[in-house]
Amino acid sequence: MNKTVIPKHYKEFMKSNTEGICPFCGIHTIKENNHKYREVYDHYIPKAIYPFVSLNFKNLAPMCQECNSTYKGTKVPIEDDNKKRKLAFYPY
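Its first residue numbered 266, the sequence shown is counted upward by one per residue in the working numbering.
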């Protein structure tokens, strides 16, 4: 993969994420484009549950440190605790 793909994607993601918040939790802010380090990328829809989306680049999104270390795991951001679909931010 070209070294410019991820930085370009991050820049486009931040442009569309006008609130500057984590798309996983919707609470914490994520680092801006001009920050020394970017947030880590993770699969928005978990690849363990939906393997067919694991190769889709649009399924990758930056996540805040809090989500990366404790929250997400295999949670599906578009489902509530009862497995019912809920409104979720998806920047594409």
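Here a beta-carbon is modelled for each residue, glycine too, at the ideal position from N, C-alpha and C.
Who are the near neighbours of residue i in its chain, counting only those whose CB is closer than 7 Å to its CB and skipping five residues on each side?
i	result
residue 341	310, 311 and 314
residue 296	302, 303 and 304
residue 269	none
What is the DSSP secondary structure of residue i, counted as helix, strand or coil?
i	result
residue 331	helix
residue 306	strand
According to DSSP, what are the bridge partners of residue i?
i	result
residue 286	294
residue 361	For the chain, the structure presents residues 266 to 357; residue 361 sits outside this window and is missing.
residue 344	350
residue 320	Paired residue(s): none; residue 320 is not in a bridge.
Residue i: which of the options sits nearest, CA to CA?
i	options	result
residue 293	352, 350 and 328	328
residue 275	326, 268 and 335	326
residue 282	268, 270 and 298	298
Verify the contact flag: residue i, CB atom, against every heavy atom of the ligand PLP, threshold strictly below 7 Å.
i	result
residue 309	Among the components modelled here there is no ligand, and therefore nothing to report on the ligand PLP.
I'd like to know if residue i contacts chain D, where contact means its C-beta is closer than 8 Å to some C-beta of that chain.
i	result
residue 269	Given the protein chain composition of this structure (a single chain), no chain D is represented.
Considering only residues of the same chain and omitting the five flanking positions on each side of residue i, which have a CB-CB separation below 6 Å?
i	result
residue 332	287, 289 and 290
Original post:
Below 8 Å, can you find three or more Cβ-Cβ pairs linking the region 278-293 to the region 315-324?
Top reply: The region 278-293, when compared against the region 315-324, does not touch it at the 8 Å Cβ threshold.
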